[in-house]
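Encoded as C-alpha cells, the structure appears first; notes follow it.
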Amino acid sequence: DARVTQTPRHKVTEMGQEVTMRCQPILGHNTVFWYRQTMMQGLELLAYFRNRAPLDDSGMPKDRFSAEMPDATLATLKIQPSEPRDSAVYFCASGPGQGTYNEQFFGPGTRLTVL
Amino acid sequence: DAKTTQPPSMDCAEGRAANLPCNHSTISGNEYVYWYRQIHSQGPQYIIHGLKNNETNEMASLIITEDRKSSTLILPHATLRDTAVYYCIVSFTGANSKLTFGKGITLSVRP
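Which chain is which? The protein sequence lines are E and V, in order.
Residue 97 in this note's numbering sits at position 97 of the first sequence; the count goes up by one each step and never skips.
Residue 1016 in this note's numbering sits at position 16 of the second sequence; the count goes up by one each step and never skips.
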C-alpha cells in the first residue's frame, strides 16, 4: 500500500535552531505539496513542486523557509532560524500529476514545537 | 478558485446517512467540486470529486445541483470512524492544481 512518509513525526526545538523536515512521495508521483496546519489558520499551502521544479511558493515566508527536492524520492522543508510562531503540523502530499483531477495523498505530518 | 461555505458542524447517528452541504455559488464552468476529510491527528484524505454529474464511489456519493451552486456529500451509513472534519473545495481542472482548504465542517457521529 503506497503511502507518503514524513520524518520526523515529532520535533521539539528551541527558537533560533534550524529544522529540516523530510518527505518521501509515493513512487511515481511527480507533484509534491507542503502544507502547514495550525488551529488559527487552518490548513495552508506553503509550496508545491512538479517534476522537482518549484511551481508556487507564494505561501511560504521566504526569509526563513526553504523547500527543495534533491531528487524525485525526497522533498525537504527547512526553517532557519525557527521561531515559536512556526509551531504547527506540517504535511507533505503527493499527486500523480496525470489526468484532470486533483487527488492528493497526504503524509502523517510532522508536529513541530518551537520553544 | 471559487470560495465555498460550509456550516461549522453537524452530527448524525451511527448507521444513518450523513448529508453534508456545501455552497459554492461563484463556481465557474471548469471548476470541480472536491471533498476531502481529516480524521483527528491524520493528514487529509481524498473522498470524491465531480464536475456536474452526481458521483458515487465506495466511500460516498456527491450530489451537485443543476446550477452547480451547491453540492451535498452523502455518507450512506455513517460509522464512528467517519467522525472527522470534511472539506468542500472548488478547484480548476488540471492535475494537481492548488487546493485551498477552508475551515470545513466537523461531523460527529454518535453511537
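The beta-carbon is built from N, C-alpha and C at its ideal position, and this holds for glycine as well.
If you run the structure through DSSP and keep just helix, strand and coil, what is residue i?
i                  : result
Pro1008 of chain V : coil
Leu45 of chain E   : strand
Asp63 of chain E   : coil
Pro54 of chain E   : strand
Arg36 of chain E   : strand
Leu1080 of chain V : helix
Asp1 of chain E    : coil
Pro84 of chain E   : helix
Gln104 of chain E  : coil
Phe1092 of chain V : strand
Taking the alpha-carbon positions, what's the residue i to residue j distance?
i                  : j                  : result
Leu112 of chain E  : Val89 of chain E   : 6 Å
Ala28 of chain E   : Thr110 of chain E  : For clarity, residue 28 of chain E is Gly in the given sequence; the question names Ala instead. If you take the alpha carbons of Gly28 of chain E and Thr110 of chain E, they lie about 23 Å apart.
Ile1051 of chain V : Tyr1032 of chain V : The sequence shown places Leu at residue 1051 of chain V, rather than the Ile named in the question. Rounded to whole angstroms, Leu1051 of chain V to Tyr1032 of chain V spans 5 Å at the Cα level.
Pro1107 of chain V : Asp63 of chain E   : Per the sequence presented here, residue 1107 of chain V reads as Leu, with Pro not at that position. About 38 Å.
Leu74 of chain E   : Arg22 of chain E   : 7 Å
Glu1058 of chain V : Gln1042 of chain V : 20 Å
Leu1062 of chain V : Arg1016 of chain V : 17 Å
Ala1084 of chain V : Gln1038 of chain V : 5 Å
Glu83 of chain E   : Glu14 of chain E   : 8 Å
Ile1047 of chain V : Pro8 of chain E    : 27 Å
Ile1089 of chain V : His1024 of chain V : 9 Å
Leu1073 of chain V : Tyr1034 of chain V : 10 Å
Tyr35 of chain E   : Ser1028 of chain V : 25 Å
Ala72 of chain E   : Asn51 of chain E   : 7 Å
Pro61 of chain E   : Ile79 of chain E   : 9 Å
Cys1022 of chain V : Gly97 of chain E   : 27 Å
Asp957 of chain V  : Gln17 of chain E   : Outside the displayed range of chain V (1001 to 1111) lies residue 957 of chain V, so it cannot be described from this structure.
Arg1110 of chain V : Ala1018 of chain V : 11 Å
His1077 of chain V : Ser1071 of chain V : 19 Å
Glu1148 of chain V : Gln1045 of chain V : Nothing can be reported for residue 1148 of chain V, as the shown portion of chain V is limited to 1001 through 1111.
Phe91 of chain E   : Ser1009 of chain V : 24 Å
Ser66 of chain E   : Ser1091 of chain V : 26 Å
Gly1102 of chain V : Val4 of chain E    : 23 Å
When burial is assigned at 16 or more other CB atoms within 10 Å of the CB, is residue i buried or exposed?
i                  : result
Thr1065 of chain V : exposed
Ala2 of chain E    : exposed
Val12 of chain E   : exposed
His1040 of chain V : exposed
Arg1068 of chain V : buried
Leu1080 of chain V : exposed
Thr1005 of chain V : exposed
Checking the sheet assignment: what are the DSSP bridge partners for residue i?
i                  : result
Leu1073 of chain V : V:Leu1020, V:Leu1062
Gln1038 of chain V : V:Val1085
Met21 of chain E   : E:Leu77
Ile1047 of chain V : DSSP output for Ile1047 of chain V lists no bridge partner at all.
Leu112 of chain E  : E:Lys11, E:Ala88
Gly95 of chain E   : E:Thr31
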